[in-house]
């Protein structure tokens, strides 16, 4: 990897941003850790950043020559705030941008797909990471993980559709290569774990690792959308329900060799990650699970 200037990591306390910042710091790269509260991040310089507050943008960009972009969560039209920021970033001297997107969203597709389409015209050095669904959705703060901890239940409209869930650590490893490698990828990278699993298989692994029963309850997309509207805006709930519908139809039943090709090692498996994430913590609520 080449010596770099400063990397602005947006979402530096989030699932992939925190891991990307930590890996950059460990490799000796200067990092500006951007977030709405400018929370401390070991080894990095914290800076306040809010996608919707343009007064925070110039200070966040000061001195940065590359940026890791995590889109605003729950926004079905992130291009409206991201593209003006990216034009400002280019004018401020940023020459490499790595965007976190999704395997479910192609270039020019909905939401962040519009940012993907514009990125090559804004930066000579770029990459779009398109990971499958995160393994950490079942172990962190995602609605799936909350339902598992509190009720021992995983609700989806994915039916028997399979997903090659990917470890956020693997996403971060690829992100660091894309940010600091001698040559930018200048393409999109679809990232998956080593094997596709349906949600019944996920529940079975969670049961074995956690030692308490977890069951998968199937919903219709309409039922899932109604359920999600209690925690996310209605338009975003509809988007998520449609993505589950696509999973049920086989859209995510694939694996790629991208993680191994970029990092030189295979991606982590689902059980391995769950064991790692749950090691030493209380996994499920013993009162409410069942």
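Residue numbers (our numbering): 113 to 402.
Beta carbons: idealized from backbone N, C-alpha and C, even for Gly.
{"Item": "Considering residue 328, what are the terminal residues of the beta strand (DSSP E) in which it resides?", "Value": "327 to 330"}
{"Item": "Using three-state DSSP, classify residue 390 as helix, strand or coil.", "Value": "helix"}
{"Item": "Would you report the Cα separation of residue 293 and residue 133, rounded to the nearest angstrom?", "Value": "15 Å"}
{"Item": "Using only the alpha-carbon positions, how far apart do residue 195 and residue 225 sit?", "Value": "12 Å"}
{"Item": "Assuming residue 173 and residue 204 are in contact, meaning their beta carbons sit under 8 Å apart, how far apart are those beta carbons, in whole angstroms?", "Value": "4 Å"}
{"Item": "On a CA-only basis, which of 164, 314 and 271 is nearest residue 331? Give me that one, please.", "Value": "271"}
{"Item": "By how many angstroms is the C-alpha of residue 214 removed from the C-alpha of residue 350?", "Value": "17 Å"}
{"Item": "Rounded to the nearest angstrom, what separates residue 208 and residue 164 at their Cα positions?", "Value": "22 Å"}
{"Item": "What is the residue span of the alpha helix (DSSP H) that residue 371 lies within?", "Value": "370 to 375"}
{"Item": "Tell me whether residue 277 sits in a helix, a strand or coil according to DSSP, three-state version.", "Value": "coil"}
{"Item": "Rounded to the nearest angstrom, what separates residue 232 and residue 178 at their Cα positions?", "Value": "14 Å"}
{"Item": "Find the nearest neighbour of residue 279 within the set 217, 314, 381 and 361, judged by alpha-carbon distance.", "Value": "381"}
{"Item": "Name, in chain order, the residues that DSSP records as bridge partners for residue 147.", "Value": "160"}
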